[in-house]
Every structure is written in C-alpha cells, then in structure tokens.
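Going down the list, the sequences are from chains U and B. My numbering numbers the first residue of the first sequence as 262 and each following residue consecutively. My numbering numbers the first residue of the second sequence as 262 and each following residue consecutively. Even for Gly, the Cβ is constructed at its ideal location relative to N, Cα and C. These figures come from a predicted structure and were not determined experimentally. Structure, as structure tokens:
2 protein chains.
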Amino acid sequence: MTELIEIAHPRVHACGRQPGESYCDTCKVRSLAVCAALGSEELPELDRIVHHTRAEAKTTFIHQGETAESVFSVTEGVVRLYKLLSDGRRQIIGFAMPGDFLGLALHNRYGFSADAVDHVALCRFERRDFDNLVTAKPHFLRRLHEFATHELVIAQEQMTLIGRRSAEERVAAFLIAMRERWARIKGPSVTIQLPMQRIDMADYLGLTIETVSRTLTKLARDGIILIVPEAVRVLDERRLAAIARA
Amino acid sequence: MTELIEIAHPRVHACGRQPGESYCDTCKVRSLAVCAALGSEELPELDRIVHHTRAEAKTTFIHQGETAESVFSVTEGVVRLYKLLSDGRRQIIGFAMPGDFLGLALHNRYGFSADAVDHVALCRFERRDFDNLVTAKPHFLRRLHEFATHELVIAQEQMTLIGRRSAEERVAAFLIAMRERWARIKGPSVTIQLPMQRIDMADYLGLTIETVSRTLTKLARDGIILIVPEAVRVLDERRLAAIARA
DNA sequence: CACACGATTTGATCCAGAGCAAGGACGGAT
DNA sequence: ATCCGTCCTTGCTCTGGATCAAATCGTGTG
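Here it is in structure tokens:
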C-alpha cells in the first residue's frame, strides 16, 4: 500500500522554508482555500495545525474501520470515497473535489475508505486539533454543519438515483452533476472532465462497467455527447438535461 | 390533503390547560424527550418555542420543494421521508422514529416530503426560533451536527445496500436495522415491528412490492422468520444476520 | 352475513442490466 | 518498433428482479 506523503508540517512547508520564515506561496494558497471553505480568514489559527499532504493516484489514505485520527480537506485533484463489502463488491459513496472535507463524521472510526483518483493535494488535521479549533469557533462548527447537511442532501439524491432510476438516467445525471461541480471550481465549460475510470462511475451509480460504457456510447450515438479521453463534450444540452431531470 | 393538527401552542397544551397553569403531563414528557435528544435539561428555553403537534396516518406535513419553515422532532409513531420523481416513482430515504429530527438541513427549501406512517406526535419549531436557540447554545449545535453526520453515515450505508446488494440481503439488512432501532426505543425483542406497508419497504430498498413480499416469504419458508401482521418474528438470529452482514 | 376495498401473496412472463468473452486503443517499458 | 498491461468497448447470453395478472387475506360497512 502506497504511503501518504506528508510534504509539510505546520512549520516546515513544502518549499523547504523554515519556521519563522514567510509562507511558501503554494502552502499559503492551500491554507487560505481551506480557510475560505470554512468561511473565515483567520489563517493563523488554522495554519498552526495544518499538515500539507500529497497522495499519488490510488494511494488509500482513509481505511474503512480504522480509527479516525485525521480530518482532510482536498485542495487539488479528485478523491473517491467508497465502502467495500466482504466479498469485494464496492460502492463509491462520493467523489471529493477541491474545497471538500473528509472524515467530518464525529465517529471514532471511519465508515468508508478514500483514495486518490489522480494526484491529490490535501490539508490534513489531527482530529484532536481540529475538534479544538471547531469547539473554540462556533461559526466553524456552523459551517461544518452546513457541509454535513449538504452532503446528506447529496446522499439522499444519490439514493433516489440508484434506487429508482434507469442506467441512462443515472449516467446523464452523473454527467450533469460533474459538470456543475467543475463549474463551481473552474467556471462553466461544455467539456466535462471525468478523471475517474469507468469502473468508478459504475461503482458510484450502482451499475457495471459494461453498462456505463454502453450507455455513454448510446448517448454519443444519439448525438448528445462526444466521448473524448478523460472527458465528454456536451453536444445537446437540452436532451442531456431532459434525461437527467427527475 | 389532510391538515396537520396543532394540538398545543406553547401556552395551550393538548390537555386544555391554560397559560400559567402547570404542565400537561403528556406535553411535558414530550418536551423533555426532545430536550434529552438535544443532550440538555434546559427545558424552559425549548418549551417556550415548541408546538406540540399531531398527524394522522398519511398526513403529509413536509412537502418537497416548499419553503422550509419548520423543524420537527418525532415523539411518537413513525414518519416516512421520501423523494418523488416527476413520473411518480418514489424513493423513501428514511423512516423517522421517536427522538429523530426532521428538516435540519440548513437549506431554505425541503429536499424531501414527509408523512405519517401511523398516528404520529411531533414537536414543531419555527425555523427562526430553532436557529436562534441553536445559535445561542453551541452544545445544541454540536448535538445537531452529530445527528446530521450520523444520518449521513446511515445514508451512505443505504447507498451501498441499494447499489450493490441483492434483494434478499436488502430485506434482511432492513429487518436487522429496524430491530435495532426499536431496541433503542423499547428494548430488545425477537418481534420486529413493521408499521409501514410492503410498498414502503419496497420504495426504501429500491425494490418492488412483489419482490419484498416474495423475499419475506422465502425467509419464512427457510425458517428464518415468521411473518405476523405488522411485524415479523425472528426465528433464526444467526442466519438472518449472516444474510444481512456486508 | 355478504360485500367492497385495500393490502398482500402468488404465479407466469418479460426485459434491463449483469456476466462472460473477445477485441481494440493507448501508454509505458525495452 | 514491439511487447505488455490496463482500460475501454462491443457482442452474446443469462438472470434477478420487474411487470402483468390473479388469487387470497383482512377489515370495515351496510
């Protein structure tokens, strides 16, 4: 199992600068991003406890069932969160993208595993430190609660998708959802980046890899999308939305 | 659409007692239950804003898409939460039982509908009042955040159930989950109360009513459960758990 | 009691998506 | 360039659960 690479301790940033010296720009940008996600500009308090961390593709850095010792915030790349059944069946319960938090549940064990889809940069916090910070700052807690309830809404939407909608509807809704998530990060585009593999989409949508592939092919044959490596381009906005719409 | 019956305003309890008089016992017990759920004994503050409410079976009291004006806490009975697709397909996203909260998401519209499976008693709060209370009491906020993250864990479990497990596994897991929830409320029992209809189980598990019925019949034929009205009795603990286990 | 109505069970068929197998397409190593 | 390994696509068959259709069971009602 590949190890998580801790590129920076609170006082030793990736750039190699030493304590007391001014911020490494990359780390500063990342810390600020997490602060922004928490709705704050009080960088110093958060920066005292942040560990800047990197993970290569397929590195598993949260293991279902293990003691929850860290809270993460994604700053670059895409992370997949999944649950495994004992016989190997897998359900991906979500993709975490820049700005998202992982491991927020106040349980002492992780309920899922998480690994990097591509190269990922993360801010890591010791749970104890993070809890102290949140306890001291009720508006952080409020923000986290907003995150949690938003994730709950997404999860309920996903239950409906998986429980009651056809393969074509699931794939279309997934494409639309991915496009909206990227739009919030990078601005709107007709090209929907899909850094994850087909098998990840399948395990997220409760389908098989073959069904996902066939469904994408069908959407392409119908002139609704164009399949390109690592992405799809939307050709017919209206029809894609019509299929995805509940 | 049946109306929600507000049986008591803060100062006019169900028993008919008037302001200034001592508590109606039933209302007091219910208010206390909600306080306990919030991890507090500061009854007066909460009681100032609670509306004791009742709903008959099938009364819909949360409508998906409407402005979220109330927060509820169930004190008696079972509530089903569901999302409807435009063509009538329904996904039940959860059952709320005594002690559970509804409408906690900090969104201005409800993301689901809720109605009473059987006769239900609820404590209702105006969202504004509830928010003020929570903002004033960070430990309430913390408790609510715990609720939200716990619900998220349940929702993720359910995604896995619906996305990756067979009909028999879903039904067995549902029975075990229901038994554990009742056990926390009423203490352990080999009889699992099932106040909801087959169609509700089906819409919760992403199956059809026929499949639920057939699966229960199969479990009964295999000597694992005994089907009785409104409930099932567990005959073979071990085998049921083995099927339900992930 | 007979009847009606809704919930549930059971039976018979169907089909969307799973499972299996065989090719492509693409990138990295030699 | 060639070989590999991985991912993706496509064709074919199979099957779990959906769908359609009847009973059967309960419960309330005139």
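Roughly how many whole angstroms lie between the Cα atoms of D348 of chain B and L477 of chain B?
-> 28 Å
Kindly indicate the opening and closing residues of the beta strand (DSSP E) around D376 of chain B.
-> 374-377
Extent of the continuous beta strand (DSSP E) run through V335 of chain B = 331-337
Residues that L367 of chain U contacts on chain B, provided the C-beta gap is smaller than 9 Å | R403, H406, E407, T410, H411
Which residues, in chain order, does the region 415-428 of chain U contribute to contact with chain B at a C-beta distance below 8 Å?
-> A416, Q417, E418, Q419, M420, T421, I423, G424, R425, R426
Given that S347 of chain B touches chain U, what residues does it touch there, using C-beta distances under 8 Å?
-> R506, A507
Please list, in chain order, all residues of the same chain as E337 of chain B whose beta carbon is under 7 Å from its beta carbon, the five residues on each side excluded.
-> P359, V381, A382
Can you tell which of U:G372, U:A366, U:Q417 has the C-alpha that lies nearest to the C-alpha of D392 of chain U?
-> U:A366
For E282 of chain B, which of helix, strand or coil comes out of DSSP?
-> Its pLDDT being 47, under 50, E282 of chain B is placed unreliably by the model, and the measurement read from it follows with that caveat. Three-state result, E282 of chain B: coil.
Which residues DSSP lists as bridging R351 of chain U, in chain order = U:L345
Just the chain U side, please: which residues come within less than 8 Å of I354 of chain B by C-beta, in chain order?
-> Q417, M420, T421
Mind checking which residues open and close the beta strand (DSSP E) that includes L383 of chain B?
-> 381-387
Nearest chain B C-beta to G350 of chain U closer than 8 Å, yes or no?
-> In the sequence as presented, Gly is not what sits at residue 350 of chain U; that position holds Arg. Closer than 8 Å to some Cβ of chain B, the Cβ of R350 of chain U qualifies, so yes.
Strand pairing of I453 of chain B, partner residues [DSSP] = B:V493
Quick one: which residues of the region 449-478 of chain U get their C-beta closer than 7 Å to a C-beta of chain B? List them in chain order.
-> G467
How about G372 of chain B: is its C-beta nearer than 8 Å to some C-beta of chain U?
-> yes
Can the beta-carbon of E418 of chain B be found closer than 8 Å to that of L455 of chain B?
-> no
Check V395 of chain B in the structure and name its three-state DSSP category.
-> helix
Along the chain, where does the beta strand (DSSP E) that runs through T469 of chain B open and close?
-> First-last for T469 of chain B: undefined, no H or E at that position.
Counting Cβ pairs, one atom from each stretch, are 3 or more of them under 8 Å apart for the region 451-469 of chain B and the region 425-443 of chain B?
-> yes
Please name the residue or residues paired with L363 of chain U in a DSSP beta bridge.
-> U:F333
Would you tell me roughly how many angstroms separate the C-alpha atoms of A502 of chain B and I486 of chain B, rounded to the nearest one?
-> 12 Å
Can you say whether V340 of chain U is buried or exposed, counting buried as having 16 or more other CB atoms within 10 angstroms of its CB?
-> buried
DSSP bridge partner residues for L487 of chain B (one or two, in chain order) = B:R494
Is D497 of chain U buried or exposed, if buried means 16 or more other CB atoms sit within 10 Å of its CB?
-> exposed
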